[in-house]
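Taking it in order: structure first as structure tokens, then the write-up.
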DNA sequence: ACTAGTGTTATATGTATATAGTACACTAGT
DNA sequence: ACTAGTGTACTATATACATATAACACTAGT
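Protein chains in written order, with this note's numbering: chain A, 1 to 118; chain B, 1 to 118.
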């Protein structure tokens, strides 16, 4: 995985795992790879991976059982809320950013329509 | 100015100044506030502000004259390219992010239309 | 009991960022 | 010449992040 140098790696990994949960790559209640395996997969130190996991647990997105492993939350509301929250953040960042550049809503609409080729 | 804790302050200040240039708040060739004044305005250390400025100069967006001050580039192509680059980055981040959440182009279109209330 | 595989914690090191404080180099106005 | 206001550079300190390395705590299977 390619990491952006300006944002902490553990946050980028969290984002990636959240996406996998939202898109169903990781199903509700499913066991995720061990911290050590994930650290190897993302080519990252165990401590960094551990930080990403404990932060995901703190946010209620995964839960862990010592000696056993970590699992995606079984709560479907958590997954739905996660998707909603992440898309809302993307929309706000995009619209707010474009407005900050001086585009009004109708211009933004035209630009995004062109970009999507619809 | 409120700073995001996850991204370096000097980058956020650079972004703010770029936006001011793109939107014409800072005109081509116009003199910008001194490093010390900007540091006070953004409530940031002089060294941090200096870093933002020297980086902006490195990118050709402003130029400085020792003992006199810093000025927005006079090149209109620079400003136009800056706007293009910044909006392209926003679009790519938004569309890429939404696709990463599992939305296809037509869904993204519907969502953004609703968000823009058009 | 033992072992392998889990999560978890701790110490030490290096780098990037932000700060405080000081000093230097240059320019314009007096 | 002097002074005030520019940009610029340096040292030192503190914090966050990422790494290497080691150890501890718990669980399941043998």
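No residue lacks a Cβ here, since even glycine has one placed at the ideal position from N, Cα and C.
Relative to chain A, which residues along the segment 86-104 of chain B have a C-beta separation below 8 Å, given in chain order? 86, 87, 90, 91, 93, 94, 95, 97, 98, 100, 101, 102 and 103
Checking contacts by CB at 8 Å: is residue 23(A) closer than that to chain B? yes
Taking the straight line between their C-alpha atoms, what separation do you get for residue 12(B) and residue 48(B)? 11 Å
If you draw a straight line from the C-alpha of residue 109(B) to the C-alpha of residue 34(B), how long is it? 44 Å
Going residue by residue through the segment 63-111 of chain B, where are the continuous alpha helix (DSSP H) segments of at least 4 residues, counting only ones entirely within it? 76-100
Are the segment 79-97 of chain B and the segment 72-83 of chain A in contact at 8 Å, needing three or more beta carbon pairs? no
Where do the ends of the alpha helix (DSSP H) carrying residue 13(A) lie? 9-22
Looking only at its chain, what residues have a beta carbon closer than 6 Å to the beta carbon of residue 52(B), apart from the 5 residues adjacent to it on each side? 10, 13 and 14
Look at the alpha carbon of residue 77(B) and the alpha carbon of residue 36(A), and state the distance between them as a whole number of angstroms. 50 Å
Using 8 Å as the limit for Cβ to Cβ distance, is residue 62(A) near chain B? no
Nearest neighbour of residue 56(B), chosen from 115(B), 95(B), 112(B) and 21(B) [CA to CA]: 21(B)
Neighbour flag for residue 109(B) against chain A, beta carbons, 8 Å: yes
Do we get a CB-CB distance below 8 Å when we pair residue 38(B) with the residues of chain A? no
Around the C-beta of residue 25(B), are 16 or more other C-beta atoms found within 10 angstroms, so that it is buried, or is it exposed? exposed
Please identify the residue among 31(A), 97(A) and 104(A) whose C-alpha is closest to the C-alpha of residue 67(A). 31(A)
Could you please give the first and the last residue of the uninterrupted alpha helix (DSSP H) stretch that includes residue 48(A)? 46-58
Comparing the C-beta of residue 78(B) with each C-beta of chain A, is any distance below 8 Å? no
Cutoff 8 Å: residue 106(A) Cβ touching any chain B Cβ: yes
Shorter than 8 Å from the beta carbon of residue 56(A) to some beta carbon of chain B? no
Residue 102(A): which of 16(B), 107(B) and 69(B) sits nearest, CA to CA? 16(B)
Would you kindly report the start and end of the unbroken alpha helix (DSSP H) that includes residue 35(B)? 35-41
Residue 28(A) - DSSP class collapsed to helix/strand/coil: coil
Closer than 9 Å at the beta carbon, the chain A residues around residue 72(B): What residue 72(B) touches in chain A: nothing, since even the nearest Cβ is about 16 Å away.
Proximity winner among 8(B), 113(B) and 4(B), relative to residue 5(A) (alpha-carbon distances): 8(B)
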